[in-house]
Amino acid sequence: MLEARFGETLLLKKIVDALKEIISQSTLDCTETGMQLQSMDNSHVSLVALSLQTEGFEKYRCDRNVSLGLDLKSLAKVVKSASGDDAVTLTAADKADKLLLSFESDNKSRTADYELKLLNLDQDHLGIPETNYACIVQMPSSEFARICRDMSMFSESVVISCTKQGIKFSANGDMGSANIKLSDTSKGDITIDVDEPITQSFAGRYLNTFTRATPLSDRVKICLAPDVPLLVEYPIEDYGYIRYYLAPKVDE
Amino acid sequence: MQQSITSYFKQK
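Which chain is which? The protein sequence lines are A and V, in order.
Taken in order, the first sequence gives residues 15 to 266; the numbers are from the numbering used here.
Taken in order, the second sequence gives residues 2 to 13; the numbers are from the numbering used here.
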């Protein structure tokens, strides 16, 4: 059976928020080392991968591998009903058709139990090859969210250019154009590692959706390499990460 | 043109 306790429901809320705009249903695979989720969006342009290792949980036990088919909108409703500082324990039997969520207030004066019906999802898993990225940029997640929002006002496409001098985001549309440049800072809030310069074009709508994960982390890592999908990674405390992959736009 | 992610990552 599975038993996993998050110290704060707020973290689970943030994780669900980071997933639910991009995928509606997905399988959460639980093993003794932690929880994993991998799903493509409906149009198969992007992929989200979540990894939560046992270290982050207040309590974690998983005797046998169990896959939980979740409807994320339903999970969001349940999680929303709890207070952010409640502890939450997820429990599922070995061949579960439901997931039990038990919320417990700080002083244990209030407990709330919910049973969520699980879905039988036939989900493919994709193999993500190890990639040596040509450019790796780390910046405050709030800065990235702001740039994605500002860019999407101008165009559907966002061009990302990365050189040793910095990273540039550009959008060009009917209204005009926008260019935002960031350079490596001595303060260390922006770091740019470049093996070779790269310029790629991406759908801004997806980049914007990825920034739903902003509350999970102060930092975001953006990795680019020729002819492979963009990787946008948000670390999640001691648990692990949420990663978003987005296929680049190619010339027609 | 937007490529599918499955053209980069293959099914296991």
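For glycine and all other residues, C-beta sits at the position ideal for the given N, C-alpha and C.
- In chain V, no part has a C-beta under 8 Å from the C-beta of I37 of chain A; the shortest such distance is about 13 Å.
- Among the residues facing chain V, G83 of chain A is not included, as its CB has no counterpart in that chain under 8 Å away.
- What I161 of chain A touches in chain V, judged by beta-carbon distance under 7 Å, is nothing: the nearest beta carbon there is about 21 Å away.
- Around D138 of chain A, the beta-carbon contacts reaching into chain V at under 8 Å are Q12 and K13.
- Between L33 of chain A and D43 of chain A, the gap from beta carbon to beta carbon reaches 8 Å or more.
- With fewer than 16 other Cβ atoms inside 10 Å of its own Cβ, P143 of chain A counts as exposed.
- Counted as a single uninterrupted DSSP element, the alpha helix (DSSP H) harbouring Y220 of chain A occupies residues G218 to F224.
- DSSP places R19 of chain A in the uninterrupted beta strand (DSSP E) bounded by L16 to F20.
- Interface criterion met: the Cβ of G141 of chain A is under 8 Å from a Cβ in chain V.
- Closer than 8 Å to the CB of S60 of chain A there is at least one CB belonging to chain V.
- A straight line joining the alpha-carbon of F183 of chain A with that of A106 of chain A spans about 44 Å.
- Counting only runs of 3 or more residues that sit fully inside the stretch 140-222 of chain A, the beta strand (DSSP E) segments are 149-154, 171-177, 180-187, 190-196, 205-208 and 212-217, in chain order.
- According to DSSP, residue pairing for S97 of chain A in a beta bridge does not occur.
- DSSP, read as helix, strand or coil, puts A126 of chain A in strand.
- Between K263 of chain A and F216 of chain A, the CB-CB gap stays under 8 Å.
- Looking from the CA of D136 of chain A, the closest CA among A:L82, A:E247, A:A185 and A:L115 belongs to A:L82.
- Per DSSP, reduced to three states, the secondary structure at L26 of chain A is helical.
- A distance of 8 Å or more separates the beta carbons of E72 of chain A and D100 of chain A.
- Of all residues in the stretch 244-261 of chain A, only Y259, L260 and A261 come within less than 9 Å of chain V when Cβ atoms are compared, listed by chain position.
- Between V62 of chain A and I36 of chain A, the beta carbon gap of about 6 Å places them in contact (Cβ cut-off 8 Å).
- By the rule that beta-carbons nearer than 8 Å mark a contact, A217 of chain A touches chain V.
- Taking each of A:K109, A:S38 and A:N121 in turn and checking the Cα distance to L89 of chain A, the smallest one comes out for A:S38.
- Under the DSSP definition of a beta bridge, T45 of chain A partners with A:G48.
- Separation of K122 of chain A and Y258 of chain A (C-alpha to C-alpha, rounded to the nearest whole angstrom) is 37 Å.
- Between M54 of chain A and chain V, the shortest Cβ-Cβ separation is below 8 Å.
- Here the alpha carbons of D241 of chain A and S8 of chain V stand approximately 11 Å from one another.
- Counting only Cβ-Cβ distances below 7 Å, K263 of chain A has contacts in chain V at M2 and Q3, in chain order.
- The Cβ-Cβ distance between T23 of chain A and V102 of chain A falls below 8 Å.
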